[in-house]
Structure formats: C-alpha cells, structure tokens
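The sequence shown begins at 1 in full-length UniProt numbering and counts up by one. The beta-carbon is built from N, C-alpha and C at its ideal position, and this holds for glycine as well. Please read all numbers here as calculations on a predicted model, not as lab measurements. Data first, discussion second: the structure below is written as structure tokens.
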Amino acid sequence: MTRASLPVIDVSPLFGGESAEKERVSKQIDNACRTWGFFYIVGHPIQQEQIERVPDVAKNYFSLPMEEKLKLDIRKSKLYRGYIAFGAEDPDDAKVYGYEGFNMGHHLPKHHPEVMAGVPLRGPNIHPTQVKGWAEEMENQYDDMWALSLVILRAMALGLGLREDFFDSKFMDPMCELNIKHYPSPTTTGKKSHLLIEHADFCAITLLYQDGVGGLQIRGLSGELMDVPPVEGSFVVNIGDMMEMWTNGQYRSTMHRVVPRSGTRYSMPFFCVPNPNVIIKCLDNCHSEENPPRYPPVRAVDWILKRFAEVFSLAKPKM
1 MTRASLPVID
11 VSPLFGGESA
21 EKERVSKQID
31 NACRTWGFFY
41 IVGHPIQQEQ
51 IERVPDVAKN
61 YFSLPMEEKL
71 KLDIRKSKLY
81 RGYIAFGAED
91 PDDAKVYGYE
101 GFNMGHHLPK
111 HHPEVMAGVP
121 LRGPNIHPTQ
131 VKGWAEEMEN
141 QYDDMWALSL
151 VILRAMALGL
161 GLREDFFDSK
171 FMDPMCELNI
181 KHYPSPTTTG
191 KKSHLLIEHA
201 DFCAITLLYQ
211 DGVGGLQIRG
221 LSGELMDVPP
231 VEGSFVVNIG
241 DMMEMWTNGQ
251 YRSTMHRVVP
261 RSGTRYSMPF
271 FCVPNPNVII
281 KCLDNCHSEE
291 NPPRYPPVRA
301 VDWILKRFAE
311 VFSLAKPKM
C-alpha cells in the first residue's frame with residue numbers, strides 16, 4: 001500500500017507569530033486543503049501526555065460489561081450522545097465493522113435558553129459514572145480541541161482570502177463532537193475487510209488523534225487508497241462536507257476508511273460543526289458565472305440531523 005505524501009505543517013506561528021509567518025502557514029494549509037483535503041499539524045499547544053490521558057481513561061470504560069455500556073446507548077439519546085455499540089452505525093453490517101465508541105458534544109446546561117426552547121442537538125453531555133476521571137478528561141479535551149480548531153479555521157479563512165475572523169462567530173456556540181473509538185485487535189474480532197467503512201466526514205473540519213497502531217487510509221488524487229500512518233505529536237486534519245460546500249469544492253472532503261492492523265487501536269476524532277442556525281452556502285469568492293454554486297444552501301442543524309439519521313439508521317432521534 002502506498003503511503004500518502006501528506007504535508008506535515010508546523011502551526012506554531014499561528015499562536016502569536018509574526019503576520020508574515022502566519023500568512024506562510026495559512027498558504028501551506030490552503031494548498032493542502034485544495035490538493036489532498038488532509039494534512040498533519042504539529043507545533044500545536046496540546047501536550048502529548050494530555051492527549052493520551054483520554055484513551056487511557058477510555059480503556060477503563062470500554063472494558064466494562066456490555067450491559068453497563070449500553071446504559072448510555074447513543075440510540076436512546078435525542079442528542080446523539082453516548083455509547084456507540086459495534087454495528088450501531090449500520091446494524092446490517094455489524095459483523096463487518098470492528099469498533100465501538102463514545103460520543104459527546106457541546107455541553108449546554110438544562111437551563112440554557114436554547115435547551116429550554118428545544119433547539120435540536122442542544123443539551124448537557126452524559127458521562128459514565130463508573131469510570132473515575134472520565135467527565136473531567138473528556139470535557140477538558142473537548143475545550144482544547146475546540147480552541148485548536150478555531151485557530152485552524154482562522155488560517156483557512158486567510159487562505160481563502162477572507163477576514164481572519166470570518167468563521168469565529170459561526171463557531172461561537174457550535175455543535176462540535178468529540179468521539180473516542182476503540183478498535184479491538186483483529187485477533188479478537190475476526191477477519192474484517194475494514195473497521196470503518198469508506199466515508200467522508202459531514203462536519204466542517206475534523207481533527208484526529210490516532211495512536212501508534214495506524215490503519216487510516218485516504219482516497220488519493222488518482223483514486224487509489226493510500227496509508228496515513230501516525231506521526232508522533234501530530235493531529236491529522238481533514239476537510240468535511242460543510243467546508244467543501246462553503247468553498248464550492250475548492251477544499252476537498254476526501255473519502256477515507258480504517259482497515260485492520262495488528263493490535264488494539266484507539267482514535268479520537270474531533271468533528272468541528274458550526275452553530276445550529278449558520279447557513280452553509282457557497283462563499284462569494286468561490287463561485288462565478290462560469291463556476292456556479294454546486295450545492296444548495298442548508299442550515300447547519302438540518303444538515304447534521306439528516307446525516308445523523310442516515311448514519312445511525314434511524315428515522316429520527318429517540319425521545
């Protein structure tokens with residue numbers, strides 16, 4: 001299998017660097033988004049030991065008996081938060097996919113106006129009480145990943161010729177998700193063609209931590225599948241469908257999948273999704289008479305609800 005020659009971009013200048021250095025990094029990110037739709041980032045402020053604490057805590061949760069984990073079954077949550085059992089994202093293929101997971105979102109207390117008004121996907125997170133330190137580690141990691149994603153979005157705005165703060169207000173109270181995925185060793189799950197089916201992410205951008213086991217593959221420029229091996233101290237950033245819609249396809253939402261590797265694998269994707277009422281429509285400088293908008297405008301929450309219902313094989317969230 002060919003290894004993808006994804007750029008490894010040092011984003012440290014985005015954190016207080018000179019404007020010329022920030023512009024240089026923004027151009028690197030812009031080029032990667034247009035060429036691959038995937039790239040690595042290093043030089044971010046999140047320490048490796050901090051990142052690795054989350055999978056360490058998650059191991060204690062995933063080792064619980066199934067009946068305990070299913071107490072927080074995501075299919076019972078109208079917010080699509082909680083435990084993702086093997087095959088929950090497609091029951092027909094439960095024997096094909098080899099992972100379980102846990103999903104959390106943007107925490108809003110029950111008394112928040114949007115929660116009281118019944119805005120979809122708004123509310124408090126749920127956390128397993130059986131695992132010490134789970135809630136604190138997960139909520140802290142969410143906040144750090146949200147902050148990092150805003151910095152990356154600012155760089156993308158510059159690369160697109162927009163104001164640096166163009167995306168800020170659109171992600172002020174977002175619908176982001178932090179997901180922990182556990183892929184048991186193939187020796188315990190049996191032979192599978194893939195652990196996560198080929199797909200594109202339906203968010204704006206994804207920031208992914210993957211451990212040293214690997215298994216991530218992307219669909220390359222010529223249609224071939226290519227390995228994206230782990231790079232120590234990095235996150236993998238990829239473009240999602242929302243950003244492709246915003247940019248009229250200039251930024252690529254690239255297909256990718258996970259295939260079996262020896263050993264147990266943990267990954268932690270952070271799916272960056274804007275505020276519920278943000279309208280995703282083609283940016284003014286990304287279309288012309290010769291290149292009209294490819295995608296109809298859509299409200300962010302409507303897009304996410306539609307895709308959640310498809311992914312979890314549900315007509316609507318269960319109350």
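*Can the beta-carbon of phenylalanine 166 be found closer than 7 Å to that of alanine 157?*
yes
*In terms of alpha-carbon separation, which member of Asn140, Lys22 and His106 lies closest to residue 330?*
It is not possible to answer for residue 330, since the shown part of the chain is limited to 1 through 319.
*For leucine 196 versus valine 236, is the C-beta distance shorter than 7 Å?*
no
*Going by DSSP, what residues sit across from residue 320 in a beta bridge?*
Any property of residue 320 remains undetermined from this structure, which presents the chain solely from 1 to 319.
*Please say whether alanine 155 and serine 26 have beta carbons closer to each other than 7 Å?*
yes
*Kindly provide the ranges of any beta strand (DSSP E) runs that are 3 or more residues long and lie completely inside the region 35 to 72, ordered along the chain.*
38 to 42
*Secondary structure, beta strand (DSSP E): runs of 3+ residues fully inside the region 102 to 154*: none
_Just to confirm the assignment, what range does the beta strand (DSSP E) spanning leucine 305 have?_
Looking at the DSSP string, leucine 305 is not in any beta strand (DSSP E); the run it does join, the alpha helix (DSSP H), is 300 to 311.
*Find out if the Cβ-Cβ distance for the pair isoleucine 152, phenylalanine 38 is shorter than 7 Å.*
no
_Closest by C-alpha distance to proline 185, when choosing among Pro65, Met175, Val278 and Ser262_ = Note that residue 185 is serine in the sequence shown, not proline. Nearest C-alpha to serine 185: Ser262.
*asked:* Which same chain residues end up closer than 8 Å to leucine 208 when comparing Cβ atoms and leaving out the 5 residues on each side of it in sequence?
replied: Leu216, Phe235, Val236, Val237, Asn238, Ser267, Met268, Pro269 and Phe270
*Considering only residues of the same chain and omitting the five flanking positions on each side of glutamine 141, which have a CB-CB separation below 7 Å?*
Val54 and Leu178
*Where the beta strand (DSSP E) containing glutamate 198 begins and where it ends*: 196 to 199
_Checking 7 Å against the spacing of the C-beta atoms, do histidine 127 and alanine 117 come in under that value?_
no
*Just to confirm, are aspartate 144 and isoleucine 46 a CB contact at a threshold of 7 Å?*
yes
*asked:* Since proline 229 and aspartate 211 should fall inside the 8 Å C-beta cutoff, what is the C-beta to C-beta distance between them, to a whole number of angstroms?
replied: Wrong, their Cβ atoms sit about 11 Å apart, outside the cutoff.
*Nearest to phenylalanine 102 by CA position, among Lys132, Asp73, Pro276 and His256, is which residue?*
Asp73
_My assumption, with CB atoms under 8 Å, is that alanine 300 sits in contact with isoleucine 280. Please give the rounded CB distance._
6 Å
*From Leu108, Arg81, Val298 and Asn291, pick the residue whose C-alpha is nearest to that of methionine 242; which is it?*
Val298
_Beta-carbon proximity of proline 13 to alanine 32, cut-off 7 Å_ = no
*Counting only the same chain and skipping the five closest in sequence on each side, list residues whose C-beta sits under 8 Å from that of glycine 233.*
Val42 and Gln48
*What's the C-alpha gap between asparagine 296 and valine 131?*
Per the sequence shown, the amino acid found at residue 296 is proline instead of asparagine. About 44 Å.
*Closest to aspartate 10 by CA distance: which of Ala20, Arg34 and Tyr40 is it?*
Tyr40
*Give the DSSP-derived three-state secondary structure of glycine 17 in the structure shown.*
coil
*Would the beta-carbon of tyrosine 99 be found less than 6 Å away from any heavy atom of the ligand MN?*
Among the components modelled here there is no ligand, and therefore nothing to report on the ligand MN.
*For tryptophan 303, which option in Glu139, Ser288, Leu121 and Gly82 has the closest C-alpha, if you only look at C-alpha atoms?*
Leu121
*Tell me where the beta strand (DSSP E) around methionine 226 begins and ends.*
225 to 227
*asked:* Taking the beta carbon of phenylalanine 15 as the centre, do at least 16 other beta carbons fall within 10 Å, making it buried, or is it exposed?
replied: exposed
*When we look at the beta-carbon of leucine 148 and count the other beta-carbons within 10 Å, is it buried (16 or more) or exposed?*
buried
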